[in-house]
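These notes are about the structure you will find just below.
2 protein chains.
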Amino acid sequence: MEFHYPNGRKYSPVKNEEKTEKKQKKWSYGKRGMTLEDDINETNQFYLERGIAAIHKKPTPVQIVQVDYPRRSAAVIKEAYFKQASTTDYNGVYKGKYIDFEAKETQNESSFPFKNFHRHQIQHMETILKQKGICFVLLRFSTAEEIYLLDAKDLLLFWERMETGGRKSMTKAEISERGHLISLGFQPRIDYIKIIDYVYNLNE
Amino acid sequence: MEFHYPNGRKYSPVKNEEKTEKKQKKWSYGKRGMTLEDDINETNQFYLERGIAAIHKKPTPVQIVQVDYPRRSAAVIKEAYFKQASTTDYNGVYKGKYIDFEAKETQNESSFPFKNFHRHQIQHMETILKQKGICFVLLRFSTAEEIYLLDAKDLLLFWERMETGGRKSMTKAEISERGHLISLGFQPRIDYIKIIDYVYNLNE
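Taken in sequence, the protein lines are chains A and B. Under my numbering, the first sequence has 137 at position 10, and the numbering climbs by one with no breaks. Under my numbering, the second sequence has 198 at position 71, and the numbering climbs by one with no breaks.
Printed below as a string of structure tokens:
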């Protein structure tokens, strides 16, 4: 006899455990941003529960090709592909203002390479700035365990420098000069809202 | 010999055409909101291209269970499930303000049933209002081809009425009294930004 989870997935204790382990290894290899993403999600959850801000990560965009509808259980997507996102990953509202950001990390110790960013994300940030939204990046230097908030305006300047033949990265010195180091804590883990108040003059 | 699209999908002219036709039928049956969604996406694209607003539909949230990495082609998602969204479908920025909305339609001619809304979406709207975001619903009466913008505050009042034992829908009269009929056009198809200027006093 077969058992199913409420979402329709078949329950098979031994096999699934093996599969999960394998899958997690694959993921943590492929998605180095995992920890940073987890920390930001937890921080956003903290803000949401306390009524401080409502900021969410957007779902991963997926092109669905084939869906099966097995009897008595939920629809199963049998064939789909990852699509490139046309926006940044996080957005939401804080004190009525539109907040929009992307989070990236590097293992490089002295500079942040631009290969971590896609052109369409940069274009999206330009659009948000034109619409007077608050737009920034959270940049994590994973070896030093330091996270900086850098306004999109500054990021665009460095991007422009690359486009006109300059270096393909921002130095850590440049980031720490123009950006803002975020103090890391237990709850919330990455308290970027505090910095936003200060950087964008949102203190009432 | 096999050919592949840039996204890794196998090219097989005859079969695919059949599949697409079948799939589209399935989708339009399962997702009655298709046309409304298309019209809103086109409207948002219009706003984006002209620098009027930057509002996007969030990707459909999917729980990915199994991913294959075939040689020489893109990762293929082989098993995934639809997840329930924790927010509304559309958000973005207009004149610095956070914009958040959900779009629904009904074939009912005289009232809009609440069964089209989920509790978590209603809760999300409450949160957005507390954060002083602009939050509303676009309600389409498909038979009459009429679309109304109704502020989330009003929607919440009607929802509250249901929760306290009242009717499980809003009448069309109530919606037309408290909401705002949107004129439908060719470009943009559903010009809701015009209404927003008026309803939320955003004219400078």
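Cβ coordinates follow ideal geometry from the N, Cα and C atoms, glycine included. All of these numbers come straight from a predicted model, not from anything done at the bench.
Are residue i and residue j close, meaning C-beta to C-beta below 7 Å?
i: lysine 316/B; j: threonine 214/B; result: Before going on, a small fix: residue 316/B reads as arginine here, not lysine. In this structure, threonine 214/B does not lie closer than 7 Å to arginine 316/B by Cβ.
i: aspartate 278/B; j: phenylalanine 263/B; result: yes
i: histidine 307/A; j: isoleucine 322/A; result: yes
i: leucine 333/A; j: lysine 222/A; result: Since the first residue of chain A shown is 128 and the last is 331, residue 333/A is not available in this structure.
i: tyrosine 217/A; j: valine 220/B; result: no
i: isoleucine 309/A; j: isoleucine 274/A; result: yes
i: aspartate 281/A; j: arginine 305/A; result: yes
i: leucine 163/B; j: alanine 230/B; result: yes
Apart from the five residues just before and just after residue i, which ones in its own chain have a Cβ nearer than 7 Å to its Cβ?
i: glutamine 333/B; result: For chain B, the structure presents residues 128 to 331; residue 333/B sits outside this window and is missing.
i: lysine 259/A; result: none
i: phenylalanine 173/A; result: Gln314 and Pro315
i: tyrosine 196/B; result: Ala202
i: phenylalanine 94/A; result: Residue 94/A lies beyond the range of chain A shown here (128 to 331); nothing can be said about it.
i: methionine 297/B; result: Ser238, Phe239 and Phe285
i: glutamine 234/B; result: Ser269 and Thr270
Output the distance between the C-alpha atoms of residue i and residue j, rounded to the nearest integer angstrom.
i: methionine 161/B; j: threonine 270/A; result: Low local confidence applies: a pLDDT of 48 at methionine 161/B is under 50, so the model's placement there is unreliable, and no value is given.
i: glutamate 232/B; j: phenylalanine 241/A; result: 43 Å
i: tyrosine 325/A; j: leucine 276/A; result: 12 Å
i: serine 238/B; j: threonine 187/B; result: 28 Å
i: lysine 205/A; j: isoleucine 167/B; result: 28 Å
i: leucine 266/A; j: glutamate 290/A; result: 20 Å
i: alanine 212/B; j: glycine 292/A; result: 43 Å
i: glutamate 236/A; j: isoleucine 261/A; result: 28 Å
i: alanine 202/B; j: valine 194/B; result: 7 Å
i: glycine 312/B; j: glutamate 272/B; result: 12 Å
i: alanine 180/A; j: phenylalanine 244/B; result: 23 Å
i: tryptophan 286/B; j: aspartate 318/B; result: 26 Å
i: arginine 177/A; j: aspartate 165/B; result: 36 Å
i: tyrosine 327/A; j: arginine 198/A; result: 54 Å
i: valine 192/B; j: valine 192/A; result: 16 Å
Give the interface partners of residue i over in chain A, defined as CB-CB distance under 9 Å, in chain order.
i: alanine 207/B; result: Val189, Ile191, Val203, Ile204, Lys205 and Ala207
Kindly list the residues whose CB is nearer than 8 Å to the CB of residue i, restricted to its own chain and excluding five residues on each side of it in sequence; keep chain order.
i: leucine 283/A; result: Ile249, Met252, Glu253 and Leu256
i: lysine 295/A; result: Pro240, Phe241, Lys242 and Met289
i: lysine 150/B; result: For lysine 150/B, the predicted structure reports a pLDDT of 40, less than 50, and the residue's modelled location is therefore unreliable. A value from the coordinates is still provided. Excluding positions up to five away in sequence, the list is empty.
i: lysine 299/B; result: Glu236, Ser237, Ser238, Phe239 and Phe268
i: isoleucine 182/B; result: Asn171, Tyr174, Leu175, Tyr217, Asn218, Gly219, Val220, Tyr221 and Ile226
So residue i contacts chain B; which residues on that side make the cut at Cβ distance below 7 Å?
i: alanine 180/A; result: Gln258
i: threonine 214/A; result: His183
Residues of chain A with a CB under 8 Å from the CB of residue i: which are they?
i: isoleucine 255/B; result: Ala181 and Val220
i: leucine 175/B; result: Thr254
List, in order along the chain, the chain A residues whose C-beta lies closer than 7 Å to that of residue i?
i: lysine 185/B; result: Lys185 and Pro186
Could you list which residues in chain B have their beta carbon closer than 8 Å to that of residue i, in chain order?
i: glycine 223/A; result: Lys224, Tyr225, Gln258, Lys259 and Gly260
i: leucine 329/A; result: The premise fails here: leucine 329/A is roughly 12 Å from chain B at the closest Cβ pair, so nothing lies under 8 Å.
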